[in-house]
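In the working numbering, the protein residues as written are -16 to 455.
Notes follow the structure.
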Ligand code: ZN
């Protein structure tokens, strides 16, 4: 039953449990000692959005580090050498010790332009009143910023470019095949439009923001309609998204009330948004338009949290929703994963209650071949990152390759690395007993190891004050 691949994964598990890798980072570093992570200074929810890109044998990654700043590192697959991590971009957030929580909305998104420069967008949670009047929504904290490497493919030096809106939240770069860069984000806090800004010159200038999902008052509910989308670049000239709707009530105030699953797509040739059937939709899209033309599933009274979207080999979308009937907590309680796919005529639903209750990413081959990357606890309380494979269109899944496993480990996943090397398909963050996390680069050979000294990046002051608000 244990395949060779599984056996390799089991070996990796045993290695991960050896005392050497369990040693605290501040222990005296033995120069030969290696650890399965490349840094110990991930901070808060350190991974979100598109956190990495591979190019000609080197994988470049970014994450949220101390003080909610944007950090970068790279790994050379030929030489086995790590570079960094380095501080690449300073955030306005994370610097105020009187705030009770880590904001966790300004994680960096990375893209490599066609001239070889790496870009990060980061640091935003809607801007503040000091930022000015937000014409497309409301404000809260931080400032969306854009930094770029001074030299091509050299992550040691970055410069700040003042050429994108400061009001952005959930910044995400997408590069199309012709080199055009789309910076997609919510233009403010949670009562704001979703927009994109297009650059046709490798991120040196951007067109003005274009709204495509509209936030507006819903008079029936004493609320504002708002949106939580998940975007990817699709083959050819398309950007596609799975979207859920947020009812932002006046009372109770902003919570996790999110519903339904929608699918939209845009051709970057004509910049027209369309539904799954290819019918053009007026933009920016309102709740009424989305309900009538783009709704894939009505989740009734369930709260949802949105998952990934992917296209199968026939060009039909699949997406994931996490559904819960426990609507009290901020993000709901126990969630069940649901898989949806369009078969060309209708949406099909699968409830995946056998999987660990956690977040996933997804790849799809033929319409029946659905592969989920799952981070969660198995029955023995091992935190694992594993593949779950379906060959019947998502009706049933079997566990496949295990990329990482460790008893009690709380794990979070990055999104897939763009143009990934097989040995570095994604990152995972493992929570420490603090606000910090270890960050792993994972692929078909398990974790990419690093010498302990190179991976020990936290400062003595950070180790001494490991909780937000208690540091100096
Ligand atoms: Zn809200």
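All residues carry an ideal CB built from backbone N, CA and C; glycine is no exception.
If you're wondering where the values come from, they're calculated on a predicted model, not measured in any experiment.
Starting from residue i, follow the beta strand (DSSP E) in both directions and report where the run begins and ends.
i, result
"residue 249", "241 to 250"
"residue 138", "Careful: residue 138 lies outside any beta strand (DSSP E) and carries neither H nor E."
"residue 412", "409 to 414"
"residue 72", "64 to 72"
"residue 331", "330 to 335"
"residue 228", "221 to 232"
Taking residue i as the reference, which of the options has the closest Cα?
i, options, result
"residue 399", "345, 324, 421, 186", "345"
"residue 448", "24, 372, 129", "24"
"residue 178", "225, 195, 342, 373", "195"
"residue 152", "113, 433, 104", "104"
"residue 304", "284, 262, 319", "319"
"residue 357", "338, 347, 374, 351", "338"
"residue 354", "33, 374, 408, 365", "374"
"residue 328", "282, 371, 261, 387", "261"
"residue 54", "114, 102, 204", "102"
How long is the line joining the alpha carbons of residue i and residue j, rounded to whole angstroms?
i, j, result
"residue 10", "residue 394", "Low local confidence applies: a pLDDT of 45 at residue 10 is under 50, so the model's placement there is unreliable, and no value is given."
"residue 190", "residue 264", "22 Å"
"residue 267", "residue 47", "31 Å"
"residue 229", "residue 211", "7 Å"
"residue 117", "residue 91", "22 Å"
"residue 291", "residue 63", "31 Å"
"residue 390", "residue 207", "43 Å"
"residue 306", "residue 289", "9 Å"
"residue 342", "residue 377", "16 Å"
"residue 348", "residue 411", "24 Å"
"residue 270", "residue 186", "32 Å"
"residue 301", "residue 332", "10 Å"
"residue 193", "residue 363", "49 Å"
"residue 382", "residue 214", "26 Å"
"residue 15", "residue 139", "25 Å"
"residue 223", "residue 217", "6 Å"
Would residue i and residue j be called neighbours here (beta carbons separated by less than 8 Å)?
i, j, result
"residue 76", "residue 125", "yes"
"residue 380", "residue 425", "no"
"residue 431", "residue 406", "yes"
"residue 162", "residue 97", "yes"
"residue 299", "residue 326", "yes"
"residue 109", "residue 129", "no"
"residue 52", "residue 70", "yes"
Could you name the residues of the same chain whose beta carbon sits closer than 6 Å to that of residue i, not counting the 5 residues immediately before and after it, in chain order?
i, result
"residue 240", "230"
"residue 12", "With a pLDDT of 48 at residue 12, under the threshold of 50, the predicted position of this residue should be treated as unreliable, though the coordinate-derived value follows. Answer for residue 12: 435, 436, listed in chain order."
"residue 100", "131, 132, 135"
"residue 450", "418"
To which residues of the same chain is residue i closer than 7 Å at the C-beta, ignoring the five residues directly before and after it?
i, result
"residue 49", "24, 26, 445"
"residue 209", "173, 174, 198, 229, 231"
"residue 443", "none"
"residue 166", "104, 147, 154, 156, 179, 180, 189"
In chain order, what residues of the same chain have a beta carbon less than 8 Å from the beta carbon of residue i, not counting five sequence neighbours either side?
i, result
"residue 277", "226, 245, 246, 247, 258, 259, 264, 268"
"residue 20", "413, 421, 422, 423, 430, 433, 438"
"residue 60", "40, 41, 42, 404, 406, 407"
"residue 160", "219, 220"
"residue 112", "122"
In the DSSP assignment, find the unbroken alpha helix (DSSP H) run with residue i in it and report its ends.
i, result
"residue 61", "From DSSP, residue 61 is part of no alpha helix (DSSP H); its letter is neither H nor E."
"residue 437", "435 to 438"
Hey, does residue i have any beta-carbon neighbour from chain B nearer than 8 Å?
i, result
"residue 81", "Absent from the structure: chain B. Only one protein chain is present."
Indicate, with yes or no, if the ligand PLP has a heavy atom lying under 7 Å from the CB of residue i.
i, result
"residue 108", "In terms of ligand content, the structure shown lacks the ligand PLP and carries the ligand ZN instead."
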